[in-house]
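Since the structure comes first, as structure tokens, the remarks are kept for the end.
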Amino acid sequence: MSNFSRKIESILNIRKVSISLFRDGIPQIKRLFVNCIPTFLALSGFFLLCGLVLYIRGQNPLEFYSIILVSGFASFDDFGYVLFNATPLVFTGLAVAIAYKSGLFNIGCEGQLYIAAFTAAWIGIHLNLPTFLLVPFCVGGAMVTGAAWGAIPGFLKARYGAHEVINTIMMNFIAFALMNYLVTSVYQEPNQMIPHTRQIYEAAQFPRLASLLPGLPQSNPLNVSFLLACGCVVLCYIFLIYTRWGYELRLVGNARDAASYGGISPYAVTIWVMALSGAVAGLAGVTDVMGYRYRFLDNFSSGWGFTGIAVALLGRNNPFGILAAAILFGLLNKVALDIEILLEVRRGLFLAGQGMLIIWLVSMERISRKMNTFLPR
Amino acid sequence: MIFELIPSTLRMATPLGFAALGGIYSERAGVINLALEGMMLIGAFGYVIGAQASGSVWIGLLVGISFGLVLALLHAVATITFQAEQIVTGVGINILALGITEYLLPTSEQVKGLPHWQVPFIGSYSFVVYLLPVLMVVSHILLFKTPWGLRLRAAGESTEALEALSLSRVKWQYLGVLLSGILAAIGGCFLASEVHYFTKGMTAGRGYLALAAVIFGNWRPLSGVAACFLFGFATALELANRWNIPGQLLNSLPYVLTMVVLAGLVGTSRPPASLGKTNF
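Quick mapping for you: the protein sequence lines, in order, are chains R and H.
Its first residue numbered 137, the first sequence is counted upward by one per residue in this note's numbering.
Its first residue numbered 433, the second sequence is counted upward by one per residue in this note's numbering.
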């Protein structure tokens with residue numbers, strides 16, 4: 137057997153070890169069910185609350201619920217918008233979850249995605265290359281800068297013990313300031329009032345899915361980056377569950393002492409996990425620059441990095457759960473827009489609901505863990 | 433030159449200072465308070481609502497503080513009673529505050545500001561500006577010179593010691609978080625009273641900056657507020673920019689400084705021992 141295939145096998149063998157991390161005896165289905173209860177409670181609470189607010193305003197809540205169903209699923213076009221809204225949230229959700237799995241909080245997705253988006257735009261503007269070279273350059277460059285922006289707090293945590301939450305928040309503000317400076321003073325498109333850069337070369341622009349799928353109208357912004365997001369979900373799942381690195385990551389998150397006893401350096405893991413998380417968060421910025429706007433616009437993200445926290449919580453840090461949660465949030469964004477027009481309800485209501493959802497979910501975390509402990513064996 | 437910057441420094445530093453004092457009470461009691469941003473925002477919102485409805489700035493201040501208290505109570509219930517992850521709860525509360533205020537009142541009409549006091553040699557500022565140094569000293573004495581402060585700090589340093597005295601950790605942590613709600617809301621009220629109106633997201637990251645000041649000042653009231661003045665000065669410099677330094681870069685100076693201090697490259701920074709601990 138060649139050395140390479142032996143290595144692959146040893147990586148796959150980790151799967152057996154990782155199963156023993158779960159408590160034996162409890163059927164997975166029951167565990168899944170228990171894990172879903174808080175999520176469903178929180179979601180139904182959210183929708184009830186929205187309905188209640190509308191009722192107080194003197195509007196019919198049933199109208200609201202029917203709009204939710206209609207606005208997202210009435211046509212391929214509508215559903216395309218839902219998926220388009222979900223795309224960046226998949227990446228930020230994954231980024232938060234990857235960090236969280238190893239016991240780290242990445243509140244800095246927002247800054248990482250800005251830095252990465254700017255890099256993608258810069259490369260897309262300055263390098264005139266054919267598509268098969270330019271796209272990997274743009275995406276790769278964005279991931280590298282996002283990773284670097286994430287690795288700095290990781291390094292500070294590993295080397296100096298500085299809390300990554302504060303540092304990622306600080307890095308957010310530094311990124312905002314830096315981007316604002318670059319885009320208003322250096323790279324602003326000439327003779328334009330809007331703070332954005334020139335358009336990137338056509339070779340770096342992701343095609344829209346409308347040209348591939350017959351049901352979608354050409355105006356629909358859903359693009360290839362959604363497929364990238366789906367691919368990333370699968371890759372993340374494989375990475376977390378089936379690879380040695382994923383195992384190390386989870387072990388450091390669950391049992392730090394055991395990890396270092398087993399020869400895994402928690403410090404190294406901290407740094408590369410934050411870098412990986414930053415790289416994935418950076419892809420969220422790429423979706424906007426290469427998939428939608430084809431340029432870097434100052435302040436383009438509407439809090440995707442922070443919504444990513446809610447997405448990760450709702451998806452319970454499982455990549456497929458995150459995909460579902462991101463689509464739900466994509467739907468909510470679409471509904472918020474429609475309701476703003478149809479019922480004249482400002483989108484702040486949904487933002488408030490999102491905040492409430494986060495608080496509920498995180499408060500019920502402990503309760504659901506207790507329920508898990510008391511489950512009959 | 434420097435003297436010209438004093439008024440704007442004071443105006444910038446005062447809301448930060450109040451929020452930072454709040455952050456110190458909460459974090460000394462062991463609860464990470466990322467929600468300062470949301471508490472300030474809701475305080476500003478409450479001030480404008482109250483002042484508009486009643487015509488009295490004092491009612492406005494009261495409403496602002498009580499709104500801040502409500503958010504603080506939410507943070508306390510989630511983090512202390514339900515032992516939720518404090519960082520995530522804080523982010524949730526910030527989003528909640530942003531959403532509620534945006535939903536109810538995207539922009540307001542003009543409101544009256546808090547009364548200004550004329551003080552010889554200093555000038556005419558809102559009375560809140562003069563309240564800050566007083567509160568700073570009072571907080572220092574309370575936290576470090578009284579048994580009350582010792583107990584509050586014990587909640588964040590060593591719960592075992594607190595419980596050995598048969599005192600309740602929960603009670604002291606609630607106190608710390610609620611105090612932070614009041615103080616951050618006063619900061620928000622000042623912010624709204626200085627510009628005389630409310631717009632959505634008007635705190636613009638000041639709560640996070642206040643948190644940075646807490647860390648920069650090593651979780652102590654005197655140095656924490658001093659850090660706020662430093663940060664306020666950096667902002668004032670940016671506003672009065674005459675050296676062609678890009679304002680955004682000056683603006684990010686406080687953040688870089690905080691990271692440097694937090695890394696222990698300059699001075700030392702030691703958080704309370706059980707800060708952020710939720711597993712009791």
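For glycine and all other residues, C-beta sits at the position ideal for the given N, C-alpha and C.
Notebook entry, point to check: Three or more beta-carbon pairs under 8 Å between the region 601-618 of chain H and the region 453-465 of chain H, yes or no?
Noted result: Here the region 601-618 of chain H lies against the region 453-465 of chain H, with 3 or more beta-carbon pairs under 8 Å apart.
Next item on the list: Taking serine 556(H) as part of the beta strand (DSSP E), name the residues at either end of that continuous run.
Entry: By one-based count along the second sequence, residue 556(H) stands at place 124. Per DSSP, the continuous beta strand (DSSP E) segment holding serine 556(H) begins and ends at 555-558.
Next item on the list: Pull up the distance between the alpha-carbon of glutamate 246(R) and that of proline 552(H), whole angstroms please.
Entry: Taking the first residue of the first sequence as position 1, residue 246(R) is located at position 110. Taking the first residue of the second sequence as position 1, residue 552(H) is located at position 120. Between glutamate 246(R) and proline 552(H), the C-alpha separation is close to 46 Å.
Notebook entry, point to check: Around the C-beta of asparagine 526(H), are 16 or more other C-beta atoms found within 10 angstroms, so that it is buried, or is it exposed?
Noted result: Locating residue 526(H) in the second sequence gives position 94, counting from the first residue. Around the beta carbon of asparagine 526(H), a 10 Å sphere encloses 16 or more other beta carbons of the protein chains shown; the residue is thus reported as buried.
Notebook entry, point to check: Excluding the five sequence neighbours on either side, which residues of its own chain have a C-beta within less than 8 Å of the C-beta of aspartate 434(R), listed in chain order?
Noted result: Along the first sequence, one-based indexing puts residue 434(R) at 298. Take aspartate 434(R), set aside five residues on each side of it, and the residues of its chain with a beta-carbon closer than 8 Å to its own are Met315, Asn316, Val319, Thr320, Pro331, His332, in chain order.
Check: Mind checking whether alanine 420(R) and proline 224(R) have CB atoms under 8 Å apart?
Finding: The count along the first sequence starts at 1 and reaches residue 420(R) at position 284. The count along the first sequence starts at 1 and reaches residue 224(R) at position 88. Contact flag set, yes.
Notebook entry, point to check: Is the Cβ-Cβ distance between tyrosine 725(H) and alanine 624(H) less than 8 Å?
Noted result: The structure shown does not extend to residue 725(H), since chain H spans only 433 to 712, so no value can be given for it.
Margin query: The beta strand (DSSP E) that contains glutamine 550(H), what's its start and end?
Written below: Residue mapping note: residue 550(H) aligns to position 118 of the second sequence, counting from 1. Boundaries of the beta strand (DSSP E) around glutamine 550(H): 548-551.
Margin query: Suppose contacts are defined by Cβ-Cβ distances below 8 Å. Is tyrosine 403(R) in contact with alanine 695(H) by that definition?
Written below: Taking the first sequence and counting its residues from 1, one reaches residue 403(R) at position 267. Taking the second sequence and counting its residues from 1, one reaches residue 695(H) at position 263. Contact flag unset, no.
Next item on the list: Hey, could you find the ends of the alpha helix (DSSP H) asparagine 264(R) is sitting in?
Entry: In the first sequence, the residue the question calls residue 264(R) occupies position 128. Unbroken run through asparagine 264(R): none, as it is neither H nor E.
Note to self: Beta-carbon within less than 6 Å of valine 489(H)'s beta-carbon, same chain only, minus the 5 sequence neighbours each way: which residues are those?
What the structure shows: The sequence position of residue 489(H) within the second sequence is 57, counting from 1. Counting only residues of its own chain and dropping the five nearest sequence neighbours on each side, valine 489(H) has a CB closer than 6 Å to the CB of Ala483, Lys544, Leu546.
Item checked: Where asparagine 359(R) falls: helix, strand or coil (DSSP) -> On the first sequence, position 223 is the one that residue 359(R) refers to. Asparagine 359(R): strand per DSSP, three-state reduction.
Note to self: Our contact map puts isoleucine 474(H) next to phenylalanine 499(H) with C-beta atoms below 8 Å; I'd like the distance itself, whole angstroms only.
What the structure shows: The sequence position of residue 474(H) within the second sequence is 42, counting from 1. The sequence position of residue 499(H) within the second sequence is 67, counting from 1. At roughly 5 Å, the Cβ-Cβ gap stays under 8 Å, so isoleucine 474(H) and phenylalanine 499(H) are in contact.
Next item on the list: Below 8 Å CB to CB, which residues in the same chain sit around arginine 505(R) once its five sequence neighbours on both sides are set aside?
Entry: Counting from one through the first sequence, the residue named residue 505(R) turns up at place 369. Answer for arginine 505(R): no residue qualifies.
Notebook entry, point to check: With 16 as the cutoff for other CB atoms within 10 Å, does phenylalanine 630(H) come out buried or exposed?
Noted result: Taking the first residue of the second sequence as 1, we reach residue 630(H) at position 198. Around the C-beta of phenylalanine 630(H), 16 or more other C-beta atoms lie within 10 Å, and the residue is accordingly described as buried.
Note to self: Relative to the C-alpha of glutamine 341(R), which candidate in Gly229(R), Val471(R), Thr423(R) has its C-alpha closest?
What the structure shows: The residue labelled residue 341(R) in the question sits at position 205 within the first sequence. Comparing alpha-carbon positions, the option among Gly229(R), Val471(R), Thr423(R) lying closest to glutamine 341(R) turns out to be Thr423(R).
Check: In or out: methionine 329(R) buried (at least 16 other Cβ within 10 Å) or exposed?
Finding: Along the first sequence, read from residue 1 onward, the residue named residue 329(R) stands at position 193. With a 10 Å radius around the Cβ and a threshold of 16 neighbouring Cβ atoms, methionine 329(R) comes out exposed.
Checklist line | Nearest neighbour of aspartate 474(R), chosen from Ser202(R), Arg193(R), Val189(R) [CA to CA] | finding: Walking along the first sequence from the start, residue 474(R) turns up at place 338. Answer by Cα proximity: Ser202(R).
Notebook entry, point to check: Where do the N-terminal and C-terminal ends of the alpha helix (DSSP H) with valine 602(H) fall, by residue?
Noted result: The count along the second sequence starts at 1 and reaches residue 602(H) at position 170. Segment 601-627, the alpha helix (DSSP H) holding valine 602(H).
Notebook entry, point to check: The alpha helix (DSSP H) with asparagine 469(R) in it runs from where to where?
Noted result: Taking the first residue of the first sequence as 1, we reach residue 469(R) at position 333. Segment 455-478, the alpha helix (DSSP H) holding asparagine 469(R).
Note to self: Taking the alpha carbon of lysine 603(H) as the reference point, which residue from Ile481(H), Ala586(H), Ile618(H) has its own alpha carbon closest?
What the structure shows: Numbered from its first residue, the second sequence carries residue 603(H) at position 171. It is Ala586(H).
Next item on the list: Say whether the region 231-242 of chain R touches the region 389-403 of chain R, bearing in mind that this needs 3 or more beta-carbon pairs closer than 8 Å, one atom from each stretch.
Entry: At 8 Å Cβ cutoff, the stretches touch.
Notebook entry, point to check: Taking the C-alpha atoms as reference points, what is the distance between valine 481(R) and tyrosine 535(H)?
Noted result: Numbered from its first residue, the first sequence carries residue 481(R) at position 345. Numbered from its first residue, the second sequence carries residue 535(H) at position 103. Using only the alpha carbons, I get a separation of about 8 Å.
Next item on the list: Find out if the Cβ-Cβ distance for the pair tyrosine 687(H), alanine 644(H) is shorter than 8 Å.
Entry: The count along the second sequence starts at 1 and reaches residue 687(H) at position 255. The count along the second sequence starts at 1 and reaches residue 644(H) at position 212. Cβ atoms of tyrosine 687(H) and alanine 644(H): closer than 8 Å.
Next item on the list: Would you tell me roughly how many angstroms separate the C-alpha atoms of glutamine 518(H) and leucine 466(H), rounded to the nearest one?
Entry: The residue labelled residue 518(H) in the question sits at position 86 within the second sequence. The residue labelled residue 466(H) in the question sits at position 34 within the second sequence. About 8 Å.
Item checked: Check whether arginine 652(H) and leucine 448(H) have beta carbons under 8 Å apart -> In the second sequence, the residue the question calls residue 652(H) occupies position 220. In the second sequence, the residue the question calls residue 448(H) occupies position 16. For the 8 Å CB-CB criterion, arginine 652(H) and leucine 448(H) do not form a contact.
Check: Which residues in chain H sit within 7 Å of alanine 488(R), going by Cβ to Cβ distance?
Finding: Translated into the one-based positions of the first sequence, residue 488(R) becomes position 352. Listed along the chain, the chain H residues whose CB falls inside 7 Å of the CB of alanine 488(R) are Leu528, Gly531, Ile532, Tyr535.
Check: Using Cβ-Cβ distances below 9 Å, what residues of the region 500-514 of chain H are close to chain R?
Finding: Here the close residues are Leu506, His507, Val509, Ala510, Thr511, Thr513, Phe514.
Notebook entry, point to check: Can you name, in chain order, every residue of its own chain whose Cβ lies under 8 Å from the Cβ of phenylalanine 559(H), other than the five neighbours on each side?
Noted result: Working through the second sequence from its first residue, we reach residue 559(H) at position 127. The answer, listed in chain order, is Leu546, Pro547, His548, Trp549.
Item checked: Per-residue DSSP class, three states only, for arginine 159(R) -> Taking the first residue of the first sequence as position 1, residue 159(R) is located at position 23. Residue placement at arginine 159(R) is flagged as unreliable, the pLDDT there being 48, under the threshold of 50; the coordinate-derived value follows with that caveat. Three-state result, arginine 159(R): coil.
Next item on the list: Give me the Cα-Cα distance between alanine 460(R) and glycine 451(R), rounded to the nearest whole angstrom.
Entry: For the purposes of this step, residue 460(R) is taken as residue 324 along the first sequence, with counting starting at 1. For the purposes of this step, residue 451(R) is taken as residue 315 along the first sequence, with counting starting at 1. About 7 Å.
Item checked: CB contact check: methionine 691(H) to chain R, cutoff 8 Å -> For this step, residue 691(H) is matched to residue 259 along the second sequence. At least one chain R Cβ lies under 8 Å of methionine 691(H).
Next item on the list: Using a Cβ cut-off of 9 Å, pull out every chain H residue sitting near methionine 410(R), in sequence order please.
Entry: Along the first sequence, read from residue 1 onward, the residue named residue 410(R) stands at position 274. Those do not exist, as methionine 410(R) stays about 14 Å from chain H at its closest Cβ, beyond 9 Å.
Notebook entry, point to check: Using CA coordinates, which residue listed in Ile495(R), Phe215(R), Ala231(R) is at the minimum distance from glycine 351(R)?
Noted result: For this step, residue 351(R) is matched to residue 215 along the first sequence. When only C-alpha atoms are compared, the closest one is Phe215(R).
Margin query: Below 8 Å, how does it come out for the region 249-262 of chain R and the region 277-296 of chain R: are there three or more Cβ pairs, yes or no?
Written below: Touching, yes, given that three or more Cβ pairs across the two stretches are closer than 8 Å.
Item checked: Beta-carbon proximity of glycine 620(H) to methionine 444(H), cut-off 8 Å -> Stepping through the second sequence from its first residue, residue 620(H) is reached at position 188. Stepping through the second sequence from its first residue, residue 444(H) is reached at position 12. For glycine 620(H) and methionine 444(H), no; Cβs fall outside 8 Å.
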